[in-house]
Structure formats: structure tokens, C-alpha cells
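Undergrad: A single structure is presented below for examination.
Residue numbers (UniProt numbering): 1 to 114.
Here it is in C-alpha cells:
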């Protein structure tokens, strides 16, 4: 799973780069999605419409918050997270793009209509 490789990416200092995925324009959370940060730092996401529930660890919680605060733009979220994590911005952006792809496939994120 993408989240398991975040720690490796945050420590990456150069050299090998993960494959880049295209950034999806116009992302947003599903309108009925309920997001709650639990006391232990995990994020609980639940869609009453689909019944899908997903939980993230503290790193996933940080990624979700950074994406939300940056209008779901993985590039801007990576620029915010890289200095905090002491990691490689390009690698973190690639991880965020992969994570976004997983959530699009699961129906937790959607693409805004124009």
C-alpha cells in the first residue's frame, strides 16, 4: 500500500525517484464523506453513501490534511510536507499522487465538474 512507503520516501535523499503519476485536476472529497481525526492521530474516513470506511495512520492523516488545505493539489501539499518531514518533495508528491489515485478508485475522492 502507498502509505507504507511514505516513511521511506520521507527519508529519501536523492538518487532513485519513484514513478510519477499525472496530477488529477479538480479533485475534491465526495460530498457526503465524513472525516474525523481520532485521539491517536489516525484518520477515519467514512462515506454513508457507499458504506466505504478507510483509516489512515498519522502520516496518512498529515497527507489528507495537507491535501485538503491545498485544494487537493498534490504538488502544493508535497511542498508543504517536505520541509516538515525532511524529505524529498518530488518523492512525496509521487506518493501523494498514488494515494489520491487509490482514493479516487475507492470513491472517497471525486473530480469536480467544470
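Positions of the beta carbon are idealized from the N, C-alpha and C atoms, including for glycine.
1) Under 6 Å Cβ to Cβ from residue 93, same chain only, skipping five residues before and after it: list those, please.
2) Going by DSSP, name the residue or residues bridged to residue 34.
3) Helix or strand or just coil, what does DSSP make of residue 111?
4) What are the start and end residues of the alpha helix (DSSP H) that includes residue 98?
5) Under the assumption that residue 42 contacts residue 58 (Cβ atoms under 8 Å), give the Cβ distance between them as a whole number of angstroms.
6) In terms of alpha-carbon separation, which member of 47, 85, 49 and 53 lies closest to residue 63?
7) Hey, quick one: how far does the alpha helix (DSSP H) through residue 57 stretch, first residue to last?
8) Ordered along the chain, which non-local residues of its own chain (more than five positions away) have a Cβ less than 6 Å from that of residue 112?
9) Could you check the C-alpha separation between residue 45 and residue 82 for me, to the nearest Å?
TA: The short version:
1) Only residues of its own chain outside the window of five on either side were considered, and among them 74, 75 and 78 have a CB closer than 6 Å to the CB of residue 93, listed in chain order.
2) 46.
3) Shown here, residue 111 sits in a strand according to DSSP, grouped into three states.
4) Start and end: 89-106.
5) Correct: roughly 7 Å between the Cβ atoms.
6) Answer by Cα proximity: 85.
7) For residue 57, no alpha helix (DSSP H) run applies, since DSSP gives it neither H nor E.
8) The answer, listed in chain order, is 26 and 28.
9) If you take the alpha carbons of residue 45 and residue 82, they lie about 24 Å apart.
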